[in-house]
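Numbering (our numbering), first residue to last: 3 to 545.
For every residue, glycine included, the Cβ atom is placed at its ideal position computed from N, Cα and C.
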């Protein structure tokens, strides 16, 4: 078995003595035996370095660690998963050369790594074991505390039934977690995090939308955290101490996912992921996940995968989990290449193939659009904020069946239908992906098919959810994105949808104020005004 940590300058005999620790077994009802405690303090005294062991609940020594005179560095424990209570089933016991109590780093490691116990044994005179300091995590709702610290005068006074205590702690932690989440629910459970220097209300609104995005991605939101720093941390976005505090809070609540409302740089993703095994994603990655779920056509699937690969490549951290989830596994490794290098090389190859495939699909779309333009059939593209009811309106107008659901980004693939008018006239109507605040241009670029349809439109039907309290902000967001895309030159018609969700006496004044046409996409009887306006726009001579 390997001794880990700071072995520089140690004699072979000292290393061999440490290796013998792996042969020891600790009774399940004891945290540590007096014999092992003395062996650790004597070795520590001899080397003038902290010595630690990681022990599981069966009493097996899993790791032996050597530090310096101030600390040990606990190795990666991610191969041991967390139990239903959120504990890892491992305890860390190490020496303190100056008899000091558990440090803040010790307590942070206890909470972050979800250890059963963190124990420090003072190295006394002549290397004999002195006072014992120990700590364990606390259930949520323990007066704001995440850990409890205790001590005993000596190893012989350390009257502590480890098996009974840990069983009771497991039960209490599991009971507390079970009060807030369904432990049988296998969906991801997330903490939403916003690190913003903007206005408080704007931050709250953005987090509300992030919660809706999470719901669309079938993620359970447990909690939300708002941090308002004076300046953003380039490594962690917020301060390192605050990141650890948030992670501990997430672990206490049984979270499996941290979702940041702000886009994280590759450095920030790697830095935060180095602290915790909880998955770390940002708003863009969440949106990409939704896109991947919603794409149905070959065109949509290719564009989504291309966007995902371009996004994930600079954020690879060597763990391979994100990539295997995305790619379905990577093939054999080449000679002399690390797993990370292979991942990156294969991603580059896959991107090249997808871009070539996308170019072929774009050519087919161009030919179809040219045929429509030659036929001189007016083209109307439905745009609007996500979940405004665009697909429902398309279905009702054309009596077709396009996937609709009360979720953000229910539509990704461009849906094209015909709307017939009297005298054998018709217009072509296309549905598009919904816009959203802070939608990165890189993600918009992933949906060139939708944008190409917009470029050929004679009219943009801007559908607005009038029942949403933030509908004015949504109008501005859509207009801003259209301007960014150079599409503000195309004529637009504002349509207020879901008029059944607000008092009827408010509808007419709002429509006059915004020059909008009112409809309820679920009530075809409300379409007369919209159809008349479309007929007037395209065939004014008929009047």
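Option in the options with minimal Cα separation from residue i
| i | options | result |
| --- | --- | --- |
| residue 85 | 303, 347, 179 and 229 | 179 |
| residue 190 | 256, 317 and 53 | 256 |
| residue 2 | 134, 260 and 458 | Here the chain comprises residues numbered 3 to 545, so residue 2 is not present and cannot be evaluated. |
| residue 285 | 217, 526, 302 and 532 | 217 |
| residue 541 | 161, 425 and 361 | 425 |
| residue 59 | 70, 393, 90 and 69 | 90 |
| residue 229 | 198, 399 and 114 | 198 |
| residue 136 | 359, 205, 142 and 93 | 93 |
| residue 378 | 536, 316 and 427 | 427 |
| residue 83 | 33, 249, 279 and 496 | 279 |
| residue 195 | 106, 249, 76 and 145 | 249 |
| residue 422 | 130, 219, 534 and 157 | 534 |
| residue 243 | 26, 473, 111 and 352 | 111 |
| residue 308 | 343, 352, 346 and 143 | 352 |
| residue 562 | 396, 186, 79 and 202 | The structure shown does not extend to residue 562, since the chain is modelled only from 3 to 545, so the question has no answer here. |
| residue 287 | 121, 491 and 212 | 212 |
| residue 105 | 506, 131 and 149 | 149 |
| residue 368 | 456, 220 and 185 | 456 |
| residue 77 | 11, 115, 202 and 61 | 115 |
Inter-residue CB distance, residue i and residue j (contact presumed, cutoff 8 Å)
| i | j | result |
| --- | --- | --- |
| residue 125 | residue 47 | 5 Å |
| residue 165 | residue 31 | 5 Å |
| residue 193 | residue 224 | 6 Å |
| residue 20 | residue 51 | With 8 Å as the limit, residue 20 and residue 51 do not qualify as a contact, their Cβ atoms being about 11 Å apart. |
| residue 263 | residue 208 | 6 Å |
| residue 479 | residue 432 | With 8 Å as the limit, residue 479 and residue 432 do not qualify as a contact, their Cβ atoms being about 20 Å apart. |
| residue 1 | residue 434 | In the structure displayed, the chain extends from 3 to 545; residue 1 sits before or after that span and is not available. |
| residue 87 | residue 206 | The pair is not a contact, with the Cβ atoms about 33 Å apart (cut-off 8 Å). |
| residue 529 | residue 399 | 7 Å |
| residue 103 | residue 254 | Residue 103 to residue 254, Cβ: 23 Å. No contact. |
Span separating the alpha-carbon of residue i from that of residue j
| i | j | result |
| --- | --- | --- |
| residue 420 | residue 239 | 48 Å |
| residue 294 | residue 302 | 9 Å |
| residue 276 | residue 251 | 17 Å |
| residue 96 | residue 210 | 45 Å |
| residue 291 | residue 517 | 36 Å |
| residue 128 | residue 119 | 27 Å |
| residue 469 | residue 499 | 8 Å |
| residue 511 | residue 504 | 12 Å |
| residue 155 | residue 29 | 21 Å |
| residue 311 | residue 364 | 19 Å |
| residue 231 | residue 152 | 34 Å |
| residue 158 | residue 138 | 20 Å |
| residue 246 | residue 108 | 13 Å |
| residue 183 | residue 222 | 9 Å |
| residue 356 | residue 304 | 6 Å |
| residue 57 | residue 34 | 9 Å |
| residue 531 | residue 501 | 14 Å |
| residue 537 | residue 543 | 10 Å |
| residue 37 | residue 27 | 11 Å |
| residue 346 | residue 313 | 12 Å |
| residue 372 | residue 438 | 30 Å |
| residue 414 | residue 187 | In this prediction, residue 414 scores a pLDDT of 46, lower than 50, which makes its location untrustworthy; the coordinate-derived value is nonetheless stated afterwards. Distance between the alpha carbons of residue 414 and residue 187: 28 Å. |
| residue 412 | residue 481 | Since pLDDT at residue 412 reaches only 45, below the 50 mark, its modelled position is unreliable, and no value is offered. |
| residue 200 | residue 475 | 16 Å |
| residue 204 | residue 387 | 17 Å |
| residue 360 | residue 214 | 30 Å |
| residue 22 | residue 14 | 13 Å |
| residue 477 | residue 219 | 24 Å |
| residue 289 | residue 133 | 53 Å |
| residue 506 | residue 487 | 35 Å |
| residue 315 | residue 344 | 12 Å |
6 Å CB neighbourhood of residue i in its chain, flanking five on each side removed
| i | result |
| --- | --- |
| residue 67 | 6, 7, 54 and 74 |
| residue 380 | 429, 460 and 540 |
| residue 317 | 268 and 271 |
| residue 526 | 398 |
| residue 483 | 437 |
Close beta carbons around residue i, own chain, < 7 Å, minus the five adjacent residues each side
| i | result |
| --- | --- |
| residue 24 | 3, 63 and 66 |
| residue 282 | 260, 271, 274 and 275 |
| residue 147 | 140 |
| residue 163 | 31 |
Close beta carbons around residue i, own chain, < 8 Å, minus the five adjacent residues each side
| i | result |
| --- | --- |
| residue 71 | 50, 51, 52 and 99 |
| residue 161 | 154 |
| residue 9 | 17 and 68 |
| residue 236 | 267, 269 and 270 |
| residue 496 | 464, 466, 477, 516, 517, 518 and 519 |
| residue 12 | 49 and 68 |
Query raised in the report: Taking one C-beta from the stretch 465 to 473 and one from the stretch 383 to 391 each time, how about it: are there three or more such pairs within less than 8 Å?
Result: Contact annotation: the stretch 465 to 473 touches the stretch 383 to 391, with at least three C-beta pairs closer than 8 Å.
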